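Protein sequences, first through last, are from chains A and B.
Here the working numbering is used: the first residue of the first sequence is 1, the next is one more, and so on.
Here the working numbering is used: the first residue of the second sequence is 166, the next is one more, and so on.
Structure record follows, encoded as structure tokens.
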Amino acid sequence: MSTSLPFSFTEKNLKEYQEILSRYDDIESALLPVLHLAQEQHGYLPTVVVEYISSLMGIPKIKIQEVISFYDMFYDTPTAKKIVQVCTNITCSLYGGRKIHQELLSHYNTQNMVPTKDGEIFIQKMECLGACEIAPCIRVGNDYYGPIQDTQEALNKIKGESANP
Amino acid sequence: MNSNLQPNFNYVLLSHHHIPNVQEIEVYEQAEGYSAFKKSLSLTPDFIKEEVKASGLRGRGGAGFPTGIKWGFFSKDREAKKYLLCNADESEPGTFKDRFLVEKNPHLLIEGMLISAWALGTQKGYIYIRGEFYHQAKILEKAITQAYQKGYLGKNILGKDFSFDLYVHRGAGAYICGEETGMISSLEGKKGQPKLKPPFPAIKGYRGYPTMVNNVESLAAVPWIISFGAARYRQWGTEKSPGTKLFSISGDVKKAGVIEVPLGTPLKNIIEDHCGGMREAPLKAVIPGGSSAPILTAEQAYKVKMDYEDVASYGSMLGSGAIIVLDQTRSIAEILKWTLEFYHHESCGQCTPCREGTGWMEKIAKRRPSVEKTSTPEEVMDLLNRVAQNMRGQTICALAAAAAMPTQGILKAFPEEMKAYFGNLKS
Numbered sequence: 001m002s003t004s005l006p007f008s009f010t011e012k013n014l015k016e017y018q019e020i021l022s023r024y025d026d027i028e029s030a031l032l033p034v035l036h037l038a039q040e041q042h043g044y045l046p047t048v049v050v051e052y053i054s055s056l057m058g059i060p061k062i063k064i065q066e067v068i069s070f071y072d073m074f075y076d077t078p079t080a081k082k083i084v085q086v087c088t089n090i091t092c093s094l095y096g097g098r099k100i101h102q103e104l105l106s107h108y109n110t111q112n113m114v115p116t117k118d119g120e121i122f123i124q125k126m127e128c129l130g131a132c133e134i135a136p137c138i139r140v141g142n143d144y145y146g147p148i149q150d151t152q153e154a155l156n157k158i159k160g161e162s163a164n165p
Numbered sequence: 166m167n168s169n170l171q172p173n174f175n176y177v178l179l180s181h182h183h184i185p186n187v188q189e190i191e192v193y194e195q196a197e198g199y200s201a202f203k204k205s206l207s208l209t210p211d212f213i214k215e216e217v218k219a220s221g222l223r224g225r226g227g228a229g230f231p232t233g234i235k236w237g238f239f240s241k242d243r244e245a246k247k248y249l250l251c252n253a254d255e256s257e258p259g260t261f262k263d264r265f266l267v268e269k270n271p272h273l274l275i276e277g278m279l280i281s282a283w284a285l286g287t288q289k290g291y292i293y294i295r296g297e298f299y300h301q302a303k304i305l306e307k308a309i310t311q312a313y314q315k316g317y318l319g320k321n322i323l324g325k326d327f328s329f330d331l332y333v334h335r336g337a338g339a340y341i342c343g344e345e346t347g348m349i350s351s352l353e354g355k356k357g358q359p360k361l362k363p364p365f366p367a368i369k370g371y372r373g374y375p376t377m378v379n380n381v382e383s384l385a386a387v388p389w390i391i392s393f394g395a396a397r398y399r400q401w402g403t404e405k406s407p408g409t410k411l412f413s414i415s416g417d418v419k420k421a422g423v424i425e426v427p428l429g430t431p432l433k434n435i436i437e438d439h440c441g442g443m444r445e446a447p448l449k450a451v452i453p454g455g456s457s458a459p460i461l462t463a464e465q466a467y468k469v470k471m472d473y474e475d476v477a478s479y480g481s482m483l484g485s486g487a488i489i490v491l492d493q494t495r496s497i498a499e500i501l502k503w504t505l506e507f508y509h510h511e512s513c514g515q516c517t518p519c520r521e522g523t524g525w526m527e528k529i530a531k532r533r534p535s536v537e538k539t540s541t542p543e544e545v546m547d548l549l550n551r552v553a554q555n556m557r558g559q560t561i562c563a564l565a566a567a568a569a570m571p572t573q574g575i576l577k578a579f580p581e582e583m584k585a586y587f588g589n590l591k592s
């Protein structure tokens with residue numbers, strides 16, 4: 001069955017998968033890192049990925065879907081080449097984080113967590129990113145930037161960065 | 166990321182931070198790194214546990230429970246399967262100290278975990294780091310690889326009958342995973358929902374085995390305590406809050422960043438001396454211990470000393486040591502709305518008082534309830550206060566209280582401003 005599925009780990013990621021399993025005393029504990037790996041490969045975690053992971057790890061699909069829906073960094077709908085997270089917690093909001101979030105949505109003519117039509121940008125409002133000393137901060141892919149003076153600076157940071165791995 | 170603040174070389178946690186490339190194991194070793202661990206292996210586990218207990222070190226994640234006493238609850242059967250779990254899920258709004266610690270000096274944490282593992286007899290450890298801290302996770306993984314190469318990790322460490330494996334586990338964006346039983350659920354590959362206590366994780370934790378969960382900063386203090394002794398650790402701080410503490414300071418000060426100061430340091434000194442004073446306008450209020458901590462007025466903030474007892478005496482808490490400074494241009498109502506939005510988003514949903522209460526509070530704070538009985542601002546505030554009060558002590562974990570406390574704190578500290586706000590609020 002699994003061979004007919006449209007998603008499967010690449011050769012390299014299958015090795016990575018085996019390495020991940022070796023860190024844990026049971027297979028369930030490896031679920032979060034395995035989902036991170038699958039999302040790095042596929043961009044998001046739709047049903048086909050869930051089905052593949054389920055058959056690979058022997059974990060019921062519903063348990064995997066439950067986990068995906070619980071965590072802010074797992075996505076079950078399409079993302080984009082660049083995931084842009086904008087902190088809107090207290091300190092970042094004091095320094096314009098919410099305004100930057102809204103203006104980025106307008107600039108890209110999109111909504112929160114809806115990828116732009118060209119599949120380039122996905123903007124996500126986030127709670128405290130843990131970098132309040134550089135408020136307001138944004139996270140593009142895995143990189144933090146701040147203090148972001150205004151939306152133009154945010155746009156420069158977004159454009160200047162390589163694609164989200 | 167760099168902090169703007171100069172590290173203080175004389176203390177416990179940031180004493181290596183000024184050394185270039187200290188994240189490389191050779192550099193760390195040249196600066197006496199891993200010497201505390203080597204010393205530990207010549208000491209008995211009981212001695213180490215007693216020393217940590219005598220130091221009075223209190224859990225730095227936020228609760229402030231004495232680490233040595235927590236260790237005392239742990240299984241003493243060295244052969245039994247047990248885990249050591251480092252809480253690096255740092256998500257309390259305003260907090261960034263653990264990130265600052267591990268990204269510059271990952272080996273200090275690893276050394277602290279090794280000493281703790283030797284003392285506690287744990288065979289395996291995990292550093293649970295929040296998912297957003299991708300680069301910090303990579304820094305830790307690289308440091309762990311180096312520690313394996315040097316023989317500090319793995320089987321029969323440094324020729325001793327002691328084996329310890331250590332791994333980094335990335336979270337995926339959920340505040341509740343910083344709660345230790347939520348973290349265990351998450352590590353088990355589940356939703357990060359907290360579990361009923363008892364049993365406490367020290368008895369029955371990860372996968373049902375005894376699990377010791379300690380914060381990054383607590384574990385990172387252990388090497389110094391072992392090198393220099395509990396008595397010298399107590400040269401800093403107060404009788405009940407000994408030692409030094411990292412504070413993450415942000416908001417309307419000239420210089421934001423992380424500092425290490427003795428517990429009991431006046432907040433006024435932190436703001437004026439360490440942070441260069443206020444940025445533009447005078448002080449209005451301070452959130453002293455992360456967003457869960459009730460707000461302090463300027464008057465209180467200029468009097469309070471930053472130790473567990475003194476902050477508590479003002480009806481607030483030291484928490485994670487996240488200080489958010491607000492000047493007179495800031496709206497307290499906005500702070501309340503942002504805070505409640507956060508807790509509503511982060512409630513894990515399993516307990517009704519929290520799942521519903523956080524949502525109700527957010528709604529009340531943003532829109533006047535369309536109920537006749539709550540037409541006046543006083544009645545709205547009373548309703549908000551009652552919802553908050555009814556959430557406390559009714560749930561599996563402390564998230565409900567963490568949402569209720571700052572809400573009640575704001576209503577108490579700024580009643581006139583909130584009254585004016587609710588008076589203008591549309592239904």
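Glycine residues also receive a C-beta, built at the ideal position from the N, C-alpha and C atoms.
Since the model is a prediction, treat every value here as computed from it, not as a measurement.
Q. DSSP puts residue 462 of chain B in a beta bridge; with which residues?
A. B:450
**Q.** Test item: CB-CB of residue 366 of chain B and residue 349 of chain B under 8 Å
**A.** yes
Q: Go through the segment 277 to 347 of chain B residue by residue and report every complete run of the alpha helix (DSSP H) that reaches 4 residues or more, in order.
A: 299 to 314
Q) With respect to the alpha helix (DSSP H) encompassing residue 558 of chain B, which residues constitute its N-terminal and C-terminal limits? A) Note, residue 558 of chain B: premise wrong, no alpha helix (DSSP H); not H, not E.
Q: Please name the residues in the segment 144 to 163 of chain A whose beta-carbon is closer than 7 Å to at least one beta-carbon of chain B, in chain order.
A: 144
(Q) Against chain A, which members of the segment 408 to 429 of chain B pass a CB distance test of less than 8 Å? (A) 413, 414, 415, 416, 417, 421, 422 and 423
Q.
Closest to residue 301 of chain B by C-alpha separation, out of B:210, B:528, B:196 and B:334, would be which residue?
A. B:334
Q: For residue 124 of chain B, name the three-state secondary structure that DSSP assigns.
A: Not covered by the structure: residue 124 of chain B. The range shown for chain B is 166 to 592.
Q.
Give me, in chain order, the residues of the same chain whose beta-carbon lies closer than 8 Å to that of residue 290 of chain B; leave out the 5 immediate sequence neighbours on both sides.
A. 248, 249, 250, 251, 278, 282, 329, 330, 331 and 332
**Q.** Cα-Cα separation between residue 451 of chain B and residue 578 of chain B, rounded to whole angstroms
**A.** 11 Å
Q.
Give me the chain B residues within the contact set of residue 89 of chain A, using Cβ-Cβ distance strictly less than 7 Å, ordered along the chain.
A. 258, 503 and 507
(Q) Only counting the same chain, and skipping five residues up and downstream in sequence, which positions put a Cβ closer than 8 Å to that of residue 58 of chain A? (A) 27
Q) Looking at the C-beta of residue 28 of chain A, does it have a partner C-beta in chain B at a distance below 8 Å? A) yes
Q: Check whether the Cβ of residue 136 of chain A lies closer than 8 Å to any Cβ atom in chain B.
A: no
Q) Could you give the distance in angstroms between the alpha-carbon of residue 472 of chain B and the alpha-carbon of residue 409 of chain B? A) 10 Å
Q.
Quick check on this structure: which residue in B:573, B:191, B:392 and B:430 has the alpha carbon closest to the alpha carbon of residue 207 of chain B?
A. B:392
**Q.** Neighbour list for residue 338 of chain B in chain A, Cβ cutoff strictly below 7 Å
**A.** 71, 72 and 73
(Q) I'd like to check one pair, residue 518 of chain B with residue 560 of chain B: are the Cβ atoms closer than 8 Å? (A) yes
Q) What three-state label does DSSP hand residue 518 of chain B in the structure shown? A) helix
**Q.** Coarse secondary structure for residue 73 of chain A, derived from DSSP in three states
**A.** coil
Q. Below 8 Å between beta carbons: does that hold for residue 498 of chain B and residue 377 of chain B?
A. no
**Q.** Length of the line joining the Cα atoms of residue 128 of chain A and residue 82 of chain A
**A.** 20 Å
**Q.** Cα-Cα separation between residue 10 of chain A and residue 532 of chain B, rounded to whole angstroms
**A.** 50 Å
**Q.** Rounded separation between residue 515 of chain B and residue 555 of chain B - CA only
**A.** 16 Å
Q: Would you list the one or two residues that DSSP bridges to residue 85 of chain A?
A: A:124 and A:139
Q: Whole angstroms is fine: what's the gap from residue 506 of chain B's alpha carbon to residue 243 of chain B's?
A: 45 Å
Q. Going by beta carbon distance, what residues of the same chain come within less than 8 Å of residue 210 of chain B, once the five residues before and after it are set aside?
A. 243, 283, 284, 285 and 286
Q: Could you round the C-beta distance between residue 587 of chain B and residue 545 of chain B to whole angstroms and report it? I think they count as a contact, below 8 Å.
A: 5 Å
**Q.** Members of the segment 100 to 121 of chain A that neighbour chain B once the beta carbon cut-off is set at 7 Å
**A.** none
Q. Using the C-alpha atoms, what's the distance from residue 476 of chain B back to residue 399 of chain B?
A. 19 Å
(Q) Using a Cβ-Cβ cutoff of less than 6 Å, which residues in the same chain neighbour residue 176 of chain B once the five nearest sequence positions on both sides are dropped? (A) 409 and 425
Q) Is the CB of residue 43 of chain A under 8 Å away from at least one CB in chain B? A) no
(Q) Applying the 10 Å Cβ sphere with the 16-neighbour rule, what's the burial state of residue 591 of chain B? (A) exposed
Q) Per DSSP, which one or two residues make a beta bridge with residue 487 of chain B? A) B:413
Q: Put residue 357 of chain B into one of helix, strand or coil per three-state DSSP.
A: coil
Q.
Using only the alpha-carbon positions, how far apart do residue 521 of chain B and residue 568 of chain B sit?
A. 12 Å
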